[in-house]
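Reading through the structure tokens given below for one structure.
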Amino acid sequence: MNHSEYVKLLNFFDGRLWDRKVTETNYNYNGLILDYYFEMSILSVDYLDIYDYFSSEGDFQFNDTELLTDQFGNVKEEKRIKLVEKIINILELSSFDKNTSGNIVDKVVKFLERNGIMVVNTENTPIELSSDNKIDEGSYCNILFVEKNVLRKELNKSHKDDTNLQKRMKYEFENMQKLKDCPQILNVYSFDPTTHSYLMERADINLYEYLRKEVDISFEQRLKIIFDVLEGMKYAHDHSIIHRDLHLGNVLKIGNDFVISDFGLSKDESIERSLKSSATEKNNHIFIDPLAIGDFSKLDKKSDIYSLGKMIDYVFTLGANNTEHLLTFIVEKCTSRSKDKRYDTVDEIIRDIKVKLNLRDKSIDKKQVLENIKNNIFTLQVNEFIKELVETDMICDYLVKHRISSFGNIILKMNSLDQISTLEAINQGYVVATGYRQFQNYDIFASIAYSVCENTDENSVYDISRGILEGCAHYRYEASNLLEKIDRQRI
148 MNHSEYVKLL NFFDGRLWDR KVTETNYNYN GLILDYYFEM SILSVDYLDI
198 YDYFSSEGDF QFNDTELLTD QFGNVKEEKR IKLVEKIINI LELSSFDKNT
248 SGNIVDKVVK FLERNGIMVV NTENTPIELS SDNKIDEGSY CNILFVEKNV
298 LRKELNKSHK DDTNLQKRMK YEFENMQKLK DCPQILNVYS FDPTTHSYLM
348 ERADINLYEY LRKEVDISFE QRLKIIFDVL EGMKYAHDHS IIHRDLHLGN
398 VLKIGNDFVI SDFGLSKDES IERSLKSSAT EKNNHIFIDP LAIGDFSKLD
448 KKSDIYSLGK MIDYVFTLGA NNTEHLLTFI VEKCTSRSKD KRYDTVDEII
498 RDIKVKLNLR DKSIDKKQVL ENIKNNIFTL QVNEFIKELV ETDMICDYLV
548 KHRISSFGNI ILKMNSLDQI STLEAINQGY VVATGYRQFQ NYDIFASIAY
598 SVCENTDENS VYDISRGILE GCAHYRYEAS NLLEKIDRQR I
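Numbering of the sequence shown is given in our numbering, commencing with residue 148 and proceeding in unit increments.
Quick look at the structure:
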């Protein structure tokens with residue numbers, strides 16, 4: 148901020164803050180009333196008085212009987228912003244005459260932004276000012292402050308002549324422009340081909356920082372975050388755009404909405420792309436599909452599904468391991484090691500979350516669940532019902548009662564941990580469940596165990612299933628044949 152603009156600002160403060168004052172001994176005089184604001188602000192808790200406040204971090208010698216212009220008009224340029232920051236924070240954080248202080252702060256913030264000063268004003272925290280308009284940086288670009296609600300994304304100096312990155316910036320802008328009608332996608336506009344940069348909407352905070360700073364986030368707010376992100380990715384996928392770099396830092400909070408940003412590694416599947424995906428490992432962190440680590444070109448819609456699952460899990464657990472929550476089943480399906488077992492579309496994730504929420508208040512439709520199990524249809528309701536049977540030691544009786552010899556196909560669709568717990572429950576209870584002299588019931592469990600043995604790649608799952616099959620083989624000739632067949636295949 149140049150000297151003339153700085154003095155103009157001090158004059159404004161003097162005009163609003165110079166008034167009649169009275170001492171404790173009833174002495175009347177003219178002076179700055181900043182101390183009135185200071186004494187009714189949270190700043191008074193941390194400092195002895197207003198003089199101590201001004202002398203810290205800048206060593207300003209404040210005098211309430213002298214105009215700010217006279218006291219600080221010749222302050223060196225590098226200290227001007229710090230002085231202004233101190234003054235407006237007294238006003239911002241005070242409960243004294245809020246109408247006047249709020250009006251002053253609003254005018255000053257607009258003035259500062261017109262003069263290229265970045266203002267970071269987060270609720271209930273001190274205002275921060277900076278003459279450096281770079282507010283963030285990535286591996287190849289910088290995010291620059293333009294004005295109150297507008298930022299610019301541009302290549303940093305070391306990459307500004309890189310033609311591949313120039314194309315990538317334009318491609319990113321074009322993909323985000325295709326999604327401009329979606330409220331859950333960050334707004335971008337005004338691509339500048341000479342600087343290979345574009346303007347974009349300014350957010351309050353990214354999701355990682357929001358989750359880290361907030362002490363108590365309600366269940367409803369967590370759902371709001373999740374549904375906003377899912378709706379954004381549904382819109383992107385419906386328009387053939389895959390993100391390929393979804394993580395907490397690329398989800399931004401604007402007001403009470405959450406939007407997806409940074410499509411720098413995105414891909415439009417509807418066109419033949421001139422920017423070919425490299426096979427170089429990119430962003431190796433917990434949100435990236437492990438099946439694509441080492442070969443970035445393998446990232447696809449199912450990889451976005453994986454990232455969504457990891458994000459849902461993080462929103463509920465804040466990164467804690469082995470913590471179950473309402474949407475654990477959905478997370479496990481999103482992040483399955485086998486892409487074939489993951490959700491095919493974001494719509495399916497949204498559907499299952501809504502089903503899960505409804506299940507909290509409604510009883511399971513047991514007739515429909517039985518029909519699905521018999522037809523090898525694995526749904527959220529089926530999964531919940533089976534877990535309930537396992538926990539109550541009723542799984543074996545249920546299989547015998549309904550003669551479900553194809554149940555192995557359902558087991559194979561579960562996640563590994565649920566496969567193991569279900570098979571262990573069957574192993575513990577199948578002998579009793581067959582009934583006295585009801586040897587034909589062993590065929591049900593032999594068929595289940597054989598199906599799992601034949602199709603699983605998990606050693607622990609195989610071992611439990613083979614144990615069940617071996618137990619059945621003591622009583623049934625057909626089970627013995629199946630056991631021999633499995634052992635020949637295994638060799």
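Beta carbons are placed, not taken as given, at the ideal position from N, Cα and C, and that holds for glycine.
This one's a predicted model, so the numbers in the text were calculated from it and none came from an experiment.
Item, Value
"Mapping DSSP to helix, strand and coil, what is LYS423?", "In this prediction, LYS423 scores a pLDDT of 38, lower than 50, which makes its location untrustworthy; the coordinate-derived value is nonetheless stated afterwards. Three-state result, LYS423: coil."
"To the nearest angstrom, how far is the alpha carbon of PHE434 from that of LYS457?", "6 Å"
"Return the residue from the list GLU538, TYR153 and LYS400 that minimises the CA-CA distance to GLU361.", "LYS400"
"Quick one: residues in its chain with C-beta nearer than 8 Å to the C-beta of HIS384, no 5 flanking neighbours on either side, listed in chain order?", "LYS448, ASP451, THR492 and VAL493"
"Which runs of the alpha helix (DSSP H) at least 4 residues long sit entirely within the stretch 552 to 590? Give them in chain order.", "554 to 559 and 563 to 581"
"Between SER188, PHE476, THR272 and THR482, which lies nearest to PHE243 when the distance is taken from Cα to Cα?", "SER188"
"Are SER413 and HIS432 close, meaning C-beta to C-beta below 7 Å?", "no"
"ALA350: which of LYS223, THR172, SER598 and GLY396 sits nearest, CA to CA?", "GLY396"
"What's the gap between the Cα of GLU495 and the Cα of ASN519?", "17 Å"
"Can the beta-carbon of LEU312 be found closer than 7 Å to that of TYR287?", "yes"
"On the DSSP bridge list, what partners appear for LYS381?", "Paired residue(s): none; LYS381 is not in a bridge."
"Assign ASP182 to buried or exposed, taking buried as 16 or more other Cβ atoms, counted over all protein chains shown, within 10 Å of its Cβ.", "buried"
"Taking the C-alpha atoms as reference points, what is the distance between ILE228 and GLU301?", "26 Å"
"To the nearest angstrom, report how far apart HIS621 and THR482 are at their CA atoms.", "39 Å"
"With a threshold of 16 other CB atoms inside 10 Å of the CB of LYS257, please say whether the residue is buried or exposed.", "exposed"
"With DSSP collapsed to three states, give me the class of GLY178.", "strand"
"Have a look at GLU471 and LYS445 and give me their C-alpha separation to the nearest angstrom.", "30 Å"
"What residue ranges within the stretch 476 to 506 form continuous alpha helix (DSSP H) runs of no fewer than 4 residues, ordered along the chain?", "493 to 506"
"Between which two residues does the beta strand (DSSP E) harbouring VAL267 extend?", "265 to 267"
"Excluding sequence positions up to five away, which residues of its chain have a Cβ less than 6 Å from the Cβ of PRO273?", "ASN236"
"Got a sec? Which residues, its chain only, sit under 6 Å from ASP283 by beta carbon, not counting five neighbours each side?", "ILE290"
"Measure the C-alpha to C-alpha separation of LEU536 and ARG637 and round it to an integer number of angstroms.", "31 Å"
"Pick out whichever of PHE463, ASP436 and ILE591 has its Cα sitting closest to the Cα of ILE364.", "PHE463"
"Check for me: the beta strand (DSSP E) holding MET347 runs from which residue to which?", "344 to 348"
"Any idea what DSSP makes of CYS288, helix, strand or coil?", "strand"
"Got a sec, what are the start and stop residues for the beta strand (DSSP E) LYS300 sits in?", "297 to 302"
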